[in-house]
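Structure first, then comments.
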Amino acid sequence: MKNSELIEKLKCDRNLSDDEFKVLLESDAFDEFLYRAADEKRRSIYGDEVYIRGLIEFTNYCRNNCYYCGIRRDNKKVERYRLTKEEILTCCEEGYRLGFRTFVLQGGEDSYYTDTLLCGIISEIHEHFSDCAITLSVGENSKESYRNFFNAGATRYLLRHETADAEHYQKLHPYSMSLDNRKRCLYTLKEIEYQVGSGFMVGAPYQKTEFLIEDLRFLQKLKPDMIGIGPYITHTDTPFASFENGSMLLTLRLISVLRLMFPYALIPSTTALGTIHSQGRELGLKAGANVIMPNLSPVGVRKLYSLYENKICTGEEAAQCRGCLEQRVKSAGYRIVTSIGNRIKEIE
Ligand code: SAM
Ligand code: FES
């Protein structure tokens, strides 16, 4: 089969066999066809629109100990912080002024924020910014907690599955965590009718092409509204200090594959992609991504939310980031829109 025929097949069927995916993911011979096909597909549905989500990293305390993550519990070198409700609302006010209509509250799994406290924060954001969507990204929780957050006004939830291979999952996480529980959480979120985002790191330690194909198969079952992928980036103060960063090219290739498999999905061009390459986010958009998630956290704490090293945009004010991104998105040939950016629902 010629290179362009394989891409044509993926475009038409939104699927390939495992063997075909393996060929596609392991070679750079298809990349130019892939990027072009993915960009065409994205433009046919979303035009040149890029949706923005304002990220508020409100706590770097975490009870978990994921081996790859810079803010894991056992990293004693991190200076820990928590934002108050007032500080979070100030971030939202600034974000609103800059045109953000979705706020993403992300943090470690921090039991300081009880359901009552977090629901209070969510409902106050909901009251003050009633035309905005609230997204949560606070890890694994009980069904009851997820329901409480939803009832308080959070309607979207980001929880990457990280890897769909159970053995690989166990190599990335301590035994207190399991792929089964992660999946249970994701299906519970769907059942509650959150718009769900999932995804994985590209080039995570011990990853193989076969696992990436399992990731694609899992996403086919889950059918998330958003799919977030970014390269794994090493953090010195983790057990994975000696592993290499994930590859930008493989990340771009996977963004294009995802766009062709899930034409309607919201796919962010992630900060991690911008961290491993100065043009990473622009290239991500050109490969089929249609969302960016600039940081709205107070500048004073940004460096402390250090999931990985050399994270970009930790010194700029939100307004500076917004201006910089406007230019970057424009230079890539797209346009930031300030609407709530709902997923376009596919008519099946
Ligand atoms: N606690 C929440 C959770 O676990 O979903 C949200 C915070 S968690 C830090 C957000 C995401 O950061 C994870 O899903 C993971 O994929 C990503 N991440 C963590 N460490 C990373 C690293 N070293 N390189 C790239 N991405 C990383
Ligand atoms: Fe919890 Fe990374 S280990 S956020």
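Take 337 as the starting number for the sequence shown in my numbering and just add one per residue.
C-beta: ideal position from N, C-alpha, C; glycine also.
List, from N- to C-terminal side, the alpha helix (DSSP H) runs of 4 residues or more that fit wholly inside the segment 520-560. Runs found: 545-558.
Could you name the residues of the same chain whose beta carbon sits closer than 6 Å to that of LYS358, not counting the 5 residues immediately before and after it, in chain order? Within its own chain, the residues whose Cβ lies closer than 6 Å to the Cβ of LYS358, once the five positions on either side in sequence are excluded, are THR545, listed in chain order.
Return helix, strand or coil for PHE579, following the three-state DSSP convention. coil
When the Cα atoms are used, what is the spatial distance from ILE672 to LEU588? 20 Å
Span separating the alpha-carbon of ASP384 from that of ALA500: 32 Å
Are the CB atoms of LEU441 and SER481 within a distance shorter than 9 Å? no
With H, G and I counted as helix, E and B as strand and the rest as coil, what does DSSP make of THR471? strand
Counting beta carbon pairs with one atom in the segment 444-451 and one in the segment 463-472, are three or more of them shorter than 8 Å? no
What whole-angstrom Cβ distance do GLY564 and THR606 have, given they're in contact under 8 Å? Contact flag correct, Cβ pair sits at about 6 Å.
Where ASP355 and SER363 are concerned, what is the direct C-alpha to C-alpha distance, given to the nearest angstrom? 13 Å
Please specify which runs of the alpha helix (DSSP H), each continuous and at least 4 residues long, are wholly inside the segment 386-421, giving them in chain order. none
What is the rounded straight-line gap between the Cα of LEU352 and the Cα of LYS345? For LEU352 and LYS345, the distance between alpha carbons rounds to 7 Å.
TYR511 versus THR611: straight-line alpha-carbon distance, rounded: 30 Å
Short Cβ contact (9 Å threshold) for TYR404 with PHE576: yes
Between the beta-carbon of PHE366 and the beta-carbon of LEU632, is there less than 9 Å? no
Do you know whose CA, among VAL538, ARG664 and GLY431, lies nearest LEU594's CA? VAL538
In three-state terms, what does DSSP make of ILE569? coil
So, with DSSP's three-state summary, where would you put GLU684? Unreliable placement is indicated for GLU684, whose pLDDT of 41 sits below 50; the coordinate value is still reported in the next sentence. The answer is coil: DSSP assigns GLU684 none of H, G, I, E or B.
Specify the secondary structure class of GLN442 as computed by DSSP and reduced to three states. strand
Can you say whether TYR523 is buried or exposed, counting buried as having 16 or more other CB atoms within 10 angstroms of its CB? Taking a 10 Å sphere around the C-beta of TYR523, we find fewer than 16 other C-beta atoms and assign the residue as exposed.
Would you kindly work out how many angstroms separate the C-alpha atoms of THR310 and ASP349, rounded to a whole number? Outside the shown range of the chain (337 to 684) lies residue 310, about which nothing can therefore be said.
Please classify ALA502 as buried or exposed, where buried requires at least 16 other C-beta atoms within 10 Å of its C-beta. exposed
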